[in-house]
């Protein structure tokens, strides 16, 4: 049942917060001049961060969009762009992503950042200065992706993004801090300490204070694990020691080889023979 309607002409950008993901997916299949009814069930709207219902629309309402696509423009393919143009497009995607991130639109922001990275993969017709600018911008975009994934709790992805940064900038404190936090969340404490210590070694870096706080969390986990191991293994060793104390004492027996003599008398100091062996008590 349609509970709300509005007719308007508008221009929207794909991937912007103006469109529901499901509506955007429908528009992507349309041609210029085509009309379509796009129905969106409540469960297909996406996460709460990706949409807001107009006033007067019930939460369980089926949204029906009567859409006419009058025209559309697509960005030029990356391979047709020159160095400065790719930088411009990547910067534009970063700015769009930042706006979405500020509003909590994390999924959309991530797509913008990833799109920006895509513009910077090629070095076709790029000057040395543009290559350096592209690398700096790519570093920022990877760090932004990591920031989004921290919000999403996608710790493996955080590590991947930070590792890409650290391959070209091993001392980047933002990457080290975010990587250390991700390792801590995954309980990979040795790796977490290594990343965080690399931040702490750079005295004066803005991230040192946060690294110190994160390191305290890691140290607390390490201590808790050590205490747990000490109790578990300490009890085991105590039982082993007790068993050793209760072992029966063995009597040592010395075996003396047969002594062959011409005399019928046993050797001096020996007891009566028992077979061919002489036993002496230790």
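In UniProt numbering, the protein residues as written are 1 to 282.
For glycine and all other residues, C-beta sits at the position ideal for the given N, C-alpha and C.
Look at residue 124 here: in three-state DSSP terms it is coil, with no helix or strand label.
Listed in chain order, the non-local C-beta contacts of residue 40 below 6 angstroms within the same chain comprise 22, 63, local neighbours out to five positions each way being set aside. Taking 8 angstroms as the cut-off, the beta carbon of residue 166 is found closer than this to the beta carbon of residue 175. Under the DSSP assignment, residue 165 falls in the alpha helix (DSSP H) whose first and last residues are 155-168. In the DSSP assignment, residue 37 falls within the unbroken beta strand (DSSP E) covering 35-40.
For residue 200, the enclosing alpha helix (DSSP H) begins and ends at 189-200.
By the Cβ-count criterion, residue 112 is buried, with 16 or more other Cβ atoms from all chains shown falling within 10 Å of its own Cβ.
If only uninterrupted beta strand (DSSP E) runs of at least 3 residues are considered, those enclosed by the stretch 49-125 are 63-68. By the C-beta criterion, the stretch 148-159 is judged not to be in contact with the stretch 119-127, since fewer than 3 inter-stretch pairs fall below 8 angstroms. Short of 8 angstroms from the beta carbon of residue 221, and not among the five residues preceding or following it, lie these beta carbons of its own chain, in chain order: 184, 187, 189. If you draw a 10 Å sphere on the C-beta of residue 179, you find 16 or more other C-beta atoms in it, and that means buried.
Around the CB of residue 227, fewer than 16 other CB atoms lie within 10 Å, so the residue is classed as exposed.
Residue state for residue 182 is assigned as helix, using DSSP reduced to three classes. Take the alpha-carbon of residue 127 and the one of residue 86: they are about 12 angstroms apart. Pairing residue 69 with residue 44, the inter-Cα distance amounts to about 22 angstroms. Residue 215 carries a helical assignment under DSSP once its states are collapsed to helix, strand and coil. Here residue 71 is exposed, its C-beta having fewer than 16 other C-beta atoms within 10 Å.
About 11 angstroms separates the beta carbon of residue 147 from that of residue 177, a gap too long to meet the 8 angstroms contact definition.
Look at residue 204 here: in three-state DSSP terms it is coil, with no helix or strand label. Within the same chain, Cβ atoms closer than 7 angstroms to the Cβ of residue 195 are found at 176, 179, 180, 183, the five residues on either side in sequence being excluded. Taking 8 angstroms as the cut-off, the beta carbon of residue 205 is found no closer than this to the beta carbon of residue 163. Look at residue 171 here: in three-state DSSP terms it is coil, with no helix or strand label. Taking 8 angstroms as the cut-off, the beta carbon of residue 93 is found no closer than this to the beta carbon of residue 56. The Cβ atoms of residue 36 and residue 67 lie closer than 8 angstroms to each other. Rounded to the nearest angstrom, the gap between the Cα atoms of residue 232 and residue 219 is 20 angstroms.
Inclusion of residue 130 and residue 97 in the CB contact set at 8 angstroms is not warranted, their separation being larger than that value.
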